[in-house]
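Novice:
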Amino acid sequence: CSPIPSASFAISETTENNINWDTIINLDHGDPIMYESYWRKMGNKCDITLSGYQSLSYFANVKNLCWFLEPKLEEEIKRLHNLVGNAIVDDHYIVVGTGSSQLIQASLYALSPPNEPEPISVVSAAPFYSAYAEVVNFVKSGLYKWAGDAHNFVKNGSYIELITSPNNPNGVIRKPVVNGDEGILIHDLAYYWPQYTAITSPANHDVMLFTVSKSTGHAGSRIGWALVRDKEVARKMTKFMEISTIGVSKEAQLRAAKILGMICDSCLDPTLDNFFEYNKSVMIERWQRLRQVVKANDHFFTLPKYPLQYCLFTRSFYETHPAFAWLMCKGSEDDLEKLLKGHNILTRSGKKFGSDPKCVRLSMLSRDEDFNIFLQRLMVIQRVTNAN
Ligand code: PMP
Numbered sequence: 015c016s017p018i019p020s021a022s023f024a025i026s027e028t029t030e031n032n033i034n035w036d037t038i039i040n041l042d043h044g045d046p047i048m049y050e051s052y053w054r055k056m057g058n059k060c061d062i063t064l065s066g067y068q069s070l071s072y073f074a075n076v077k078n079l080c081w082f083l084e085p086k087l088e089e090e091i092k093r094l095h096n097l098v099g100n101a102i103v104d105d106h107y108i109v110v111g112t113g114s115s116q117l118i119q120a121s122l123y124a125l126s127p128p129n130e131p132e133p134i135s136v137v138s139a140a141p142f143y144s145a146y147a148e149v150v151n152f153v154k155s156g157l158y159k160w161a162g163d164a165h166n167f168v169k170n171g172s173y174i175e176l177i178t179s180p181n182n183p184n185g186v187i188r189k190p191v192v193n194g195d196e197g198i199l200i201h202d203l204a205y206y207w208p209q210y211t212a213i214t215s216p217a218n219h220d221v222m223l224f225t226v227s228k229s230t231g232h233a234g235s236r237i238g239w240a241l242v243r244d245k246e247v248a249r250k251m252t253k254f255m256e257i258s259t260i261g262v263s264k265e266a267q268l269r270a271a272k273i274l275g276m277i278c279d280s281c282l283d284p285t286l287d288n289f290f291e292y293n294k295s296v297m298i299e300r301w302q303r304l305r306q307v308v309k310a311n312d313h314f315f316t317l318p319k320y321p322l323q324y325c326l327f328t329r330s331f332y333e334t335h336p337a338f339a340w341l342m343c344k345g346s347e348d349d350l351e352k353l354l355k356g357h358n359i360l361t362r363s364g365k366k367f368g369s370d371p372k373c374v375r376l377s378m379l380s381r382d383e384d385f386n387i388f389l390q391r392l393m394v395i396q397r398v399t400n401a402n
């Protein structure tokens, strides 16, 4: 059963006067509130209770290399990847983190050569996820340093390349860009899930990062996981976690395990709303409406186009419907973030992604109400700005 849009939206009826210009619509962060509607429908199926005596210990499984990983979470992560077919888990170690943000830092620590006179360069192809530059430079590490756009990187020895696929901000399916044989690769697969894109093969890289924030919508639980092929790298990542936070909240892990388990069940039990089908139809519907608005007014804005690919999980053809729209202004406006901000729509400028200020990234995962207001405003903005 597919979700029904909460508010009807007729382009021809929308005028400047009957839309709400006052509320600030924040599409800057990728806050995944869109998923609330699915989880509300699940009612109390994901409730967990913990008694006062439970989960006191620092340790979750001393036999595991990642000794703070809850066995139930490990089990459900494996079950979900095996069911969806988006990543090979069997010959990989699982390291849990406080969001995949912490795992980005842990993998940089673990993969950087420890005894070099100079920090190793870290690159990613522009437009790249804006947090990479911040995370890499934040503590001015002696191990690694941000070296910007991978397209412009002149390789000289080893380097680390962050590959985000589908990419944040522009949804493109990506491969490494630097053509060097001493590259150490980190694959950030936060969006490689069937609601966003076709699952074309199980990813099988040395270091792969995932997060519940973008797979299930539970960003507030702060749970991410890394699939790591090499034992020593997994051990160093675990050490990083031990030194920075002595593990990861057990309550959050147990809740995430329950949620991942529920998603698996929803794919196998026809009496339940299939999590991926449900949210995939929300994404399709939102993208259709956004494209309709953008098309309606003389192509003032443009959006990327994505190829149709066969999804092995849904057994159907699917185009990528990214969690963010990468909107570009074709008109004379040079600063699209500023233009939209002037209409109380907060987005993130292309500049922050190492790209053009004529582009912005905006979240497609907001609440229905906010998304509806955003579309109405966008339509009027392009009509009015175009006419001036
Ligand atoms: N990688 C990418 C590509 C992301 O978009 C995000 C979230 N915006 C993260 C990592 C971090 O996610 P988390 O909430 O798990 O820290």
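Residues in the sequence shown are numbered from 15 upward in steps of one, following this note's numbering.
For every residue, glycine included, the Cβ atom is placed at its ideal position computed from N, Cα and C.
Computed from a prediction, not measured in an experiment: that's the story for all the values here.
(1) Could you pull the DSSP bridge partners for Asp431 from this structure?
(2) Do Glu291 and Ser69 count as a contact pair if the criterion is CB distance below 8 Å?
(3) Are there 16 or more other CB atoms within 10 angstroms of the CB of Ile257, so buried, or fewer, so exposed?
(4) First and last residue of the beta strand (DSSP E) that includes Ala161?
(5) Following the continuous beta strand (DSSP E) through Gly57, name the residue where it begins and the one where it ends.
(6) Flag this pair as touching only if the region 158-170 and the region 336-355 have three or more C-beta atom pairs under 8 Å; answer yes or no.
(7) Do Tyr210 and Met276 have their C-beta atoms within less than 8 Å of each other?
(8) From Glu196, Lys294, Leu241, pick the residue whose C-alpha is nearest to that of Asn170; which is it?
(9) In whole angstroms, what separates the C-alpha of Arg269 from that of Ile47?
(10) With a CB to CB cut of under 7 Å and the five nearest residues on each side skipped, what residues in its chain are close to Ile260?
(11) Cβ of Ala145 within 8 Å of Cβ of Phe254?
(12) Taking all protein chains shown into account, decide if Leu122 is buried (16 or more other Cβ within 10 angstroms of its Cβ) or exposed.
(13) Residues in its own chain within less than 7 Å of Ala24 by CB, not counting five upstream and five downstream?
(14) Assuming Pro216 contacts Ile38 (C-beta within less than 8 Å), just tell me the rounded distance between them.
(15) Please specify which runs of the alpha helix (DSSP H), each continuous and at least 4 residues long, are wholly inside the region 239-316, giving them in chain order.
(16) Compare the Cα-Cα distances from Phe367 to each of Val191, Thr316, Glu148 and report the closest residue.
(17) Count the other C-beta atoms from every protein chain shown that fall within 10 angstroms of the C-beta of Gly66, then say buried if there are 16 or more, exposed otherwise.
(18) At a cut-off of 7 Å, is Asn44 close to ligand 1 when judged by its beta-carbon and the heavy atoms of the ligand?
(19) Using the beta-carbon count (16 or more within 10 Å), is Phe388 buried or exposed?
Specialist: Answer, in terms of the structure:
(1) No answer is possible for residue 431: it lies beyond the span of the chain, which begins at 15 and ends at 402.
(2) no
(3) exposed
(4) 158-163
(5) No beta strand (DSSP E) holds Gly57; DSSP gives it neither H nor E.
(6) no
(7) no
(8) Glu196
(9) 17 Å
(10) Tyr72
(11) no
(12) buried
(13) With a pLDDT of only 42 at Ala24, under the threshold of 50, the placement of this residue in the model should not be trusted; the figure read from the coordinates follows. Closer than 7 Å at Cβ, skipping near neighbours: no residue.
(14) Not really, about 41 Å apart at Cβ, beyond 8 Å.
(15) 245-259, 264-282, 289-310
(16) Glu148
(17) exposed
(18) This sequence places Gly at residue 44; Asn is not what is there. Yes, since a heavy atom of ligand 1 falls inside the 7 Å radius drawn around the Cβ of Gly44.
(19) buried
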